[in-house]
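Heads up, the thing below is written out as structure tokens.
Numbering (this note's numbering), first residue to last: 2 to 159.
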């Protein structure tokens, strides 16, 4: 009997490659999300420091120019914080999208793998059937040969 050959091996390989690429894309989006969160935390710390400086200037009764400068800096840092927060939200959407793509790729690969397994099981069953048939033929020939041999021996003994 011919060796097993999966007739959709090219599709199986393609699905495996697509799943691998989807997993890599998911990992990249997770890394980008971590970087965006770290940036947001850094800007948040800078904002807290800017607020403390502004609040200190106001409570100490500094010159209006110093207070205005501290307020402008606070507003600038607040703008960067909002941008960082938007980037985090965008990364969250990208992570969800990459996760969905990865799950779809996994389902597609699993479908092809299930078809592969079904074909492999059918091949194995056919192989076992062929082996049983061959063994039965060999056993019948041996039994036939043994009967002929015993009949010839019995004839010679007479």
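Glycine is no exception: its CB is placed at the ideal position from the N, C-alpha and C atoms.
Could you tell me whether the Cβ atoms of residue i and residue j are closer together than 8 Å?
i           : j           : result
residue 24  : residue 131 : no
residue 20  : residue 133 : no
residue 220 : residue 44  : The displayed coordinates of the chain run from 2 to 159. Any statement about residue 220 would go beyond what the structure contains.
Taking just the CA atoms, how far does residue j sit from residue i?
i           : j           : result
residue 142 : residue 11  : 44 Å
residue 71  : residue 79  : 12 Å
residue 58  : residue 89  : 32 Å
residue 67  : residue 47  : 18 Å
residue 15  : residue 108 : 13 Å
residue 41  : residue 96  : 17 Å
residue 117 : residue 101 : 24 Å
residue 18  : residue 127 : 31 Å
residue 115 : residue 77  : 57 Å
If you reduce the DSSP assignment to three classes, tell me which class residue i lands in.
i          : result
residue 6  : coil
residue 64 : coil
Count the other CB atoms, across all protein chains shown, that sit within 10 Å of the CB of residue i; report buried if there are 16 or more and exposed otherwise.
i           : result
residue 82  : buried
residue 30  : buried
residue 53  : exposed
residue 139 : exposed
Sorted by chain position, which residues of the same chain lie with C-beta nearer than 7 Å to residue i's C-beta, five sequence neighbours on each side aside?
i           : result
residue 38  : 89
residue 120 : 7
Quick one: residues in its chain with C-beta nearer than 6 Å to the C-beta of residue i, no 5 flanking neighbours on either side, listed in chain order?
i          : result
residue 33 : 92
Spell out whether any CB of chain D is found under 8 Å from the CB atom of residue i.
i          : result
residue 45 : Among the chains in the structure shown there is no chain D, since it carries only a single protein chain.
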